[in-house]
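So the sequence shown is numbered by my numbering: it starts at 4 and just counts up by one. Glycine included, every Cβ here is placed at the ideal spot set by N, Cα and C. Below: the structure, in structure tokens.
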Amino acid sequence: MTLAEWAEDLGFDSFWLGEHHLYWYGTCVSPPMVIAALAQRTKKIRLGPAVAVPSFHNPLVLAEEYAFADNLCGGRLEFALGSGFSPVEFKTFGMTMEEAKERFWEATDVILKAWAQEEFSHEGKYYRYDNATLYVKPVQKPMPPIWLAASSDETLVKAGQLGWPMMGIPFARSNNLLDVKVKNDLYKDYYVSAGHRTESNIMVALHVYLHENEGEAARLSRPYFDRVTSFTKTHRRPGSKIPDFDELKRESLVVFTTPSQAEEIFREYEKTGVTHVICMVNFGGVPMTDVRRTLELMSREVFPKFQPAS
């Protein structure tokens with residue numbers, strides 16, 4: 004709660020909550036519940052899950068919960084969704100990774116129908132609804148902004164074809180900034196070829212730890228990021244790379260540095276097509292005093308460099 008209030012006071016545009024179950028990493032088991040609480044503590048910052056995982060839920064109930072959350076926060080909901088990545092979670096919920104992906108697309112279809120239509124029916128492989136009506140609709144019409152978490156080429160292509168804004172975590176899917184650009188270009192190629200006329204939106208989520216001294220930023224952030232690394236060793240997808248602190252820092256896939264160097268890194272991401280950045284500042288047990296310093300340095304020294312020209 005305090006972190007969201009700080010973010011709003013310091014000029015951040017949005018505040019995001021991860022959804023994970025039955026382990027410590029990103030433990031927010033019910034983002035819509037927390038968004039409802041944050042709606043009472045904030046006034047203008049946009050709020051959203053990063054990401055909701057429809058495969059783990061009854062999609063009609065999930066549609067209701069997020070529609071209700073959009074009402075409680077006065078139409079400030081951003082809805083990012085994905086199929087999940089942890090084999091441990093898939094096993095816990097009794098499904099394979101392949102089944103989770105199938106469920107994801109079918110559940111997403113149900114959610115969008117429930118939000119956009121007065122009454123709908125659906126008969127699929129996993130879900131069936133006859134003449135269902137969602138009586139609490141989102142404030143934003145026809146629905147809140149949709150973001151699709153994408154790491155595989157297949158999902159990047161799908162996001163582009165649908166015209167949905169795309170989001171990703173570079174350290175989990177890329178080796179360097181060139182790789183980030185290749186993936187972003189693939190998404191944009193399919194976005195344009197599908198006939199979408201508006202500018203595409205691409206968001207990346209980066210672990211950020213800022214300090215006035217470069218060496219201290221690296222030294223102080225390392226033990227907390229090592230906890231994240233320990234998590235990925237047991238929860239990563241088969242065949243995915245185990246992240247290395249020094250390599251990730253060298254390739255700008257994490258931002259553990261000074262404000263001036265952070266600005267340079269964000270400029271490099273901008274060149275790859277990135278339009279939005281989520282700053283993951285509260286990772287691996289980083290003390291709240293350090294989190295506050297990072298937010299203040301972002302607000303005071305980085306934000307002004309990216310303000311649109313008047």
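For Ile114 and Glu219, I'd like the C-alpha separation in whole angstroms. 46 Å
Please return the same chain residues whose Cβ sits closer than 8 Å to the Cβ of Asp249, not counting the five positions on each side in sequence. none
Measure the C-alpha to C-alpha separation of Val305 and Glu215 and round it to an integer number of angstroms. 12 Å
Which term fits Ala197, buried or exposed, when burial requires 16 or more other beta carbons within 10 angstroms of its beta carbon? exposed
If you compare alpha carbons, which of Val277, Gly51, Gly288, Thr45 is closest to Gly171? Val277
Should Ala153 and Leu159 be called a contact, given that it needs their Cβ atoms to be closer than 8 Å? yes
With distance defined between alpha-carbon atoms, name the residue in Leu75, Val183, Leu6, Lys116 nearest to Ile268. Val183
Where does Phe123 sit, in a helix, a strand or coil, going by DSSP? strand
Whose C-beta lies closer than 8 Å to the C-beta of Thr99 among residues of the same chain, with five residues either side of it excluded? Phe93
Residues in the same chain with beta-carbon distance under 7 Å from Ala312, minus the five sequence neighbours each way, listed in chain order, please. For Ala312, the predicted structure reports a pLDDT of 42, less than 50, and the residue's modelled location is therefore unreliable. The matter cannot be settled from this model.
Anyone know if the C-beta pair for Thr45 and Glu68 falls short of 8 Å? no
Would you tell me roughly how many angstroms separate the C-alpha atoms of Ala149 and Met301, rounded to the nearest one? With the sequence shown as reference, residue 149 is identified as Ile, and Ala is not the correct amino acid for it. Their Cα atoms are separated by approximately 26 Å.
Distance, Pro290 Cα to Tyr129 Cα: 43 Å
Would you mind stating whether Phe107 and Ser58 have Cβ atoms separated by less than 8 Å? yes
Relative to the C-alpha of Thr297, which residue among Glu273, Glu271, Glu217 is closest? Glu217
Quick one: using the 10 Å Cβ neighbour count with 16 as the cut-off for buried, is Phe228 buried or exposed? buried
What do you get for Asp156, buried or exposed, if any count of 16 or more other CB atoms within 10 angstroms of its CB means buried? exposed
Exposed unless 16 or more other CB atoms sit within 10 angstroms - verdict on Glu81: buried
How would you label Glu22, buried or exposed, when you count the other beta carbons within 10 angstroms and need 16 or more for buried? buried
Proximal residues to Leu75 (C-beta, below 6 Å), its chain only, five neighbours per side dropped: Ala39, Ala42
The beta strand (DSSP E) with Arg131 in it runs from where to where? 131–135
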